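The sequence shown lines up with residues 94 to 656 when you count with the working numbering. To start, the structure itself, in C-alpha cells.
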Amino acid sequence: MGIGVVLLERGLLSKADLEAALAEQRSTGDRLDRVLVRLGLVDREQVLEAIGEQFHMPVVDLATTEVEQATLEMLPAKLVYRQNCVPILFSSGRLTVATSDPFELSVLDELRMLTGCAIDLVLADEEELHKFIRANYGVGGDTLDEMDGDASRGPKAAGEDAEAQAEIEQAQEASVVKLVNDVLAEAIAERATDVHIEPYERELIVRYRIDGVLQRANVPSTINRFGAAIVSRLKIMSNLNIAEKRKPQDGRITFRQRRKGRGVEEFDLRLSVIPMLFGEGVVLRVLNKSAVLMDLDDLGMPSRVQATWDRLITRPHGIVLVTGPTGSGKSTTLYASLNRIVSDAVKVITVEDPVEYHVGGVNQIQVNTQTGLSFSAGLRSILRHDPDVVMVGEIRDKETAETAIQASLTGHLVFSTLHTNDACGATTRLLDMGVEPFLVSSSVEGVLAQRLVRRVCAECAHEYEPEHGETPPDFELGEGGMLTRGSGCRTCRQTGYRGRLGAYELLRVSDEVREMIMSRKNAPEIAAKAFRDGDLSTLKQDGYAKARAGVTTISEVLRAVSV
C-alpha cells in the first residue's frame, strides 16, 4: 500500500491533490512524499507517520535522543553522510539505525556487512536527521574522511613556483571544494554574520559569529591537516594571490546557496587573510544580498523614540547620525529609514562601503579607494546630481565631515554613521576631528545611538523569579516580579537566545544643546542637560524596558550596553 493511499485513507489528502502530486512526480522524478510536502498538501509530520505505517517502522525523535559515542563510531562518517543514516542504539548484537529514506533498502546489506550485526531500521525526520549528523559527525565529516584516506596528498614539488602550482591543484580538488562549501553553507544555515578560520600549533579552529557572539563550529579535529588547502581554496574563490603568504590580503566572494523554501540566495562574502604564527588566519563577513529590508517598525524602537526619529528623517535638511560600535546594526537602521522616506518625489543617493542591501528607488554608490572614489570624493560628486537625501556610509575624517555639513547647510538631508559609544559623544567626536563648533551646532539635528541585544529563544523561553542581588540596583521589576530567559535547546544551539533586536538612545539637538556645542561642552555635560530637559532617552532605559518585557535578559543588556 503506497504512501498516497495511506494519506487518502487517513483523510489527509484528497484524490485531486494526489493526482496533482503524481503528475508533478512524473515530471520531476522526485519521491512522492517530498512532492507532497513541497506542494504544501501535507506537512512533514503527517508524511513521516504515513511512511512509518507503510514500512511498519517505528518513528524516533532525534531531537531528544542521546546516543553513546561508542555507538556513533560503529559507522564511518563517510557512510553516514552518503546513506543519510545514523546508529542510535547497540544492544545484544543488534544495531538500531535511524534513516529518513526507507525506500533505499540496499543500505541494509551494506550496514550488515560493515558491522557484522543484525540491523533494525527506524524512521526519523529528514531535517532532524541532517541536524543530528552535523552535530555528531561535524560539518564536512564525510569529506574529511575521504581526504584523510590519502595522507600523502600534500604538495611535494620542489621550488616556490612548483609548490604554488601544487597548492593550486590541491585547492581545486573536488574534496577540498566540497569541504569549503560545506563550511560556508553551514555558517549561512546558522545565520552567522562572520566566519573565523584560526590556525594554532596543533589545531585549526572554525568559529561562527551568531547573534553577535562567537561560537565554535562543530568540525572534526582532522580538519587541522587541511588548513592550508582551505585557505588556498578561499583565495582562489576571491581571486587573490595564492602564493603570497607574507602580506595581508582582502577579497570578496559571491556565494550562491539554495535554501529550503527560499530558492537560491546570493551572499557577498568579504574575505580578509592575515599571516599569523602558525599559518594564515581568515575572516569572512557574510552579507546576504537577497535579504529582505527590515521596516522601522520591526527594529524594536520604543514608540517615543520612533515617533521622534520619524520626525527627524522627514526634515528638509540637516544631518541625522546613527552611532555605535561595529556590528551594532547602524546600517540596518539607516536602510530602514531610507526605505521609509523614499518615493517618486524624493531622490536619494548613497555612498557606501560596502553596499549591504539593494534598495529600490535609491541610487547607491560603492566606495572604491583604488580609483580614488572615497566617501568625501563620492559625496562631492553626489551633490551635483541634485539629490534631496544623501547617505554617507561613515564619517571617518574631517574632510568627509565638513563636506556632509556643507551639504546639509545647502538644503539636503544627510544620513551618516559615527563610531562613538553614545549619542552625546557624536558632537564631541566631530569637534575632535577639527570641525568648527558653529558648523556642528547648526547642522546636526539628531543622533541615534544603538546596540544589538539577543532575543530570548521562543522555543525554550520560561519565566523565573530573579534571586536577590541578581539584578542591578537601579533595575526595577515589573508587575508580577518575573523575568524571562531561555533554558537552551537545539534551535538556539543551547544558548537560550535566537535573533537580535536593537536597544536605542536618541538625542534631539535642542537650542540649549546647540549652545553647549558652541561652548565645546563635553559629552557628559550635554547628556545631563538633555536628559533633564527630556531631549534624551538612554540605552540603559531601553535595555531595562526590554528585559522587563521578557524579550531579552538583564545579563544580555549588561553585556551589550555600557551602564
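Glycine is no exception: its CB is placed at the ideal position from the N, C-alpha and C atoms. What you are looking at is a predicted structure, and each value in this text was computed from that prediction instead of being measured.
In DSSP terms, what residue i is bridged to
| i | result |
| --- | --- |
| E373 | P368 |
| S630 | L599 |
| C178 | T192 |
| N615 | None; N615 has no bridge partner. |
| Q457 | T443 |
| T347 | D361 |
| Q308 | Y301 |
| N381 | F360 |
| L214 | V190 |
Residue nearest to residue i in terms of C-alpha spacing, selected from the options
| i | options | result |
| --- | --- | --- |
| E407 | G504, V375 and E495 | Looking at the sequence itself, residue 407 is Thr, so the reference to Glu does not match. For the residues G504, V375 and E495, the minimum Cα distance to T407 belongs to G504. |
| E591 | T493, V549, L570 and R137 | The sequence shown places Arg at residue 591, not Glu. Considering only alpha carbons, the answer is V549. |
| Q162 | Q147, M150 and P180 | P180 |
| E294 | R318, A113, L599 and D525 | R318 |
| L545 | N456, T425, T521 and E618 | T425 |
| L405 | V537, T192, P559 and R187 | V537 |
| R187 | Q176, L214, Q457 and L431 | L214 |
| G233 | D626, L129, L576 and E279 | E279 |
Where residue i sits in the DSSP three-state scheme
| i | result |
| --- | --- |
| P559 | coil |
| T577 | strand |
| D390 | helix |
| E146 | helix |
| Y590 | strand |
| P313 | coil |
Buried versus exposed call for residue i [16 or more other C-beta atoms within 10 Å across all chains shown]
| i | result |
| --- | --- |
| P480 | buried |
| L570 | exposed |
| Q587 | exposed |
| Q147 | buried |
| A429 | buried |
| A516 | buried |
| K328 | buried |
| F371 | exposed |
| G465 | exposed |
| G393 | buried |
| A621 | exposed |
| F196 | exposed |
| M484 | buried |
| D218 | buried |
| Y637 | buried |
| P418 | exposed |
| A143 | buried |
| A596 | buried |
| I323 | buried |
| T121 | exposed |
| L132 | exposed |
| P47 | Outside the displayed span of the chain (94 to 656) sits residue 47, for which this structure offers no information. |
| A267 | exposed |
Cα-Cα separation between residue i and residue j, rounded to whole angstroms
| i | j | result |
| --- | --- | --- |
| D202 | V173 | 14 Å |
| A109 | C585 | 40 Å |
| G581 | V306 | 15 Å |
| I647 | G422 | 20 Å |
| L541 | T347 | 32 Å |
| A551 | D635 | 21 Å |
| Q308 | V288 | 10 Å |
| P341 | R326 | 16 Å |
| T315 | D390 | 46 Å |
| T645 | A653 | 11 Å |
| E102 | E296 | 56 Å |
| G104 | V135 | 11 Å |
| L141 | V152 | 8 Å |
| L431 | N456 | 11 Å |
| N177 | Y230 | 12 Å |
| D361 | N381 | 6 Å |
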